[in-house]
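> As given, the protein sequences belong to chains A and B, one line each in that order. Here the first sequence stands for residues 6 to 117, where the numbers follow this note's numbering. Here the second sequence stands for residues 16 to 129, where the numbers follow this note's numbering.
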Amino acid sequence: QKEVEQDPGPLSVPEGAIVSLNCTYSNSAFQYFMWYRQYSRKGPELLMYTYSSGNKEDGRFTAQVDKSSKYISLFIRDSQPSDSATYLCAMISGTSYGKLTFGQGTILTVHP
Amino acid sequence: GAVVSQHPSRVICKSGTSVKIECRSLDFQATTMFWYRQFPKQSLMLMATSNEGSKATYEQGVEKDKFLINHASLTLSTLTVTSAHPEDSSFYICSARHDNEKLFFGSGTQLSVL
Chain A
6 QKEVEQDPGP LSVPEGAIVS LNCTYSNSAF QYFMWYRQYS RKGPELLMYT YSSGNKEDGR
66 FTAQVDKSSK YISLFIRDSQ PSDSATYLCA MISGTSYGKL TFGQGTILTV HP
Chain B
16 GAVVSQHPSR VICKSGTSVK IECRSLDFQA TTMFWYRQFP KQSLMLMATS NEGSKATYEQ
76 GVEKDKFLIN HASLTLSTLT VTSAHPEDSS FYICSARHDN EKLFFGSGTQ LSVL
């Protein structure tokens, strides 16, 4: 079993839809949770960073962490074609010295 | 967010040659940098952890002599692919660890070995 599970999709939604991306994890030592967006042939871009259970909002993006269920989500409101990319969840444990454990990534396409 | 610069963005080389990729943290000091490899439609695979002033720590299965990592300063780490072969063709990405646990990534280097 992988430490972090993420549905690779692909996910296709119409412009303006609410997108829900999810990851589950098995390692209860994970303390920091991140979502990255990666466009084709580019490096990942940090979207959201959280370390506690609950919701964190930044513009059209909301990150949700449920440590009791070992489940994290990223919601994108009013999705735009420019949001089409691969979204990676990533996690760090307190003892990993910054080593990220990534999900497989979900390919998202927002069509006009 | 913090800026990590990676160069070159694309390199094509002949089999047997060596290629150096640079990763710089432009607006912060990074004692730890990471090097990843990514194949098409797959997630990032960690190759090694680069610590300033010490030897890199390689992940299992990564050849130390083939992928030379140097982290000579708090803002620069380099990855040298020695005696490159076509199977080394891949997308290489670096990241730098900010002091608050956030990792920022470079823009990646597409290596093509002919």
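The beta-carbon is built from N, C-alpha and C at its ideal position, and this holds for glycine as well.
Just to confirm the assignment: which complete beta strand (DSSP E) runs, minimum length 3, are found wholly within the stretch 54-107 of chain A?
The stretch 54-107 of chain A contains these whole beta strand (DSSP E) runs: 59-63, 66-71, 76-81 and 90-98.
> Secondary structure at B/P23, three-state DSSP: helix, strand or coil?
Numbered from 1 along the second sequence, position 8 holds the residue referred to as residue 23 of chain B. Of the three classes helix, strand and coil, the one that applies to B/P23 here is coil, per DSSP.
> Below 8 angstroms between beta carbons is the criterion; list the residues of the stretch 24-53 of chain A that meet it against any residue of chain B, in chain order.
Result list: Y37, M39, Y41, R46, K47, G48, P49, E50 and L51.
> At what residues does the beta strand (DSSP E) containing A/H116 begin and finish?
Taking the first residue of the first sequence as 1, we reach residue 116 of chain A at position 111. It spans T111 to H116 - the beta strand (DSSP E) in which A/H116 sits, taken as one unbroken run.
> Anything in chain A within Cβ reach of B/L59, meaning under 7 angstroms, just list it in chain order.
The sequence position of residue 59 of chain B within the second sequence is 44, counting from 1. Correct list: F107.
> Please name the residue in A/G14, A/D88 and A/S25 whose C-alpha comes closest to that of A/R42.
Position 37 of the first sequence, counted from the first residue, corresponds to residue 42 of chain A. Ranking the options by Cα distance to A/R42, first place goes to A/D88.
> Report the residue from A/L52, A/S73, A/S45 and A/I112 whose alpha carbon sits nearest the alpha carbon of A/R65.
The residue you call residue 65 of chain A lines up with position 60 of the first sequence. The candidate whose alpha carbon is nearest that of A/R65 is A/L52.
> In whole angstroms, give me the CA-to-CA distance for B/Q57 and A/G110.
On the second sequence, residue 57 of chain B is found 42 positions in, with the first residue counted as 1. On the first sequence, residue 110 of chain A is found 105 positions in, with the first residue counted as 1. One C-alpha to the other measures close to 8 angstroms.
> Could you round the C-beta distance between B/S122 and B/S24 to whole angstroms and report it? I think they count as a contact, below 8 angstroms.
Counting from 1 along the second sequence, the entry for residue 122 of chain B is found at position 107. Counting from 1 along the second sequence, the entry for residue 24 of chain B is found at position 9. Confirmed, about 6 angstroms.
> Along the stretch 69-94 of chain A, where does the CB come closer than 7 angstroms to a CB of chain B? Name the residues.
Cβ contacts with chain B come from L93.
> With the cut-off set at 9 angstroms, would you say B/S40 and B/S65 are in Cβ contact?
The count along the second sequence starts at 1 and reaches residue 40 of chain B at position 25. The count along the second sequence starts at 1 and reaches residue 65 of chain B at position 50. For B/S40 and B/S65, no; Cβs fall outside 9 angstroms.
> Using CA coordinates, which residue listed in A/V18, A/R46, A/I81 and A/P13 is at the minimum distance from A/K61?
Within the first sequence, residue 61 of chain A is the residue found at index 56, counting from 1. A/K61 has its Cα closest to that of A/I81, out of A/V18, A/R46, A/I81 and A/P13.
> If you follow the beta strand (DSSP E) that B/S127 is part of, which residue opens it and which one closes it?
For the purposes of this step, residue 127 of chain B is taken as the residue at position 112 of the second sequence. Looking at the DSSP string, the run of the beta strand (DSSP E) that includes B/S127 is T124 to V128.
> Using a Cβ-Cβ cutoff of 8 angstroms, what residues of the stretch 44-70 of chain B are near chain A? List them in chain order.
Under the 8 angstroms Cβ criterion, the stretch 44-70 of chain B contributes T47, F49, K56, Q57, S58, L59, L61 and T64.
> Considering Cα atoms alone, identify which of A/A90, A/L113 and A/Y76 is closest to A/N27.
As a working note, residue 27 of chain A is residue 22 in the first sequence. Of the candidates A/A90, A/L113 and A/Y76, the one whose C-alpha sits nearest the C-alpha of A/N27 is A/Y76.
> Does any CB atom of chain B fall closer than 9 angstroms to the CB of A/G110?
Stepping through the first sequence from its first residue, residue 110 of chain A is reached at position 105. Judged by the 9 angstroms Cβ criterion, A/G110 is in contact with chain B.
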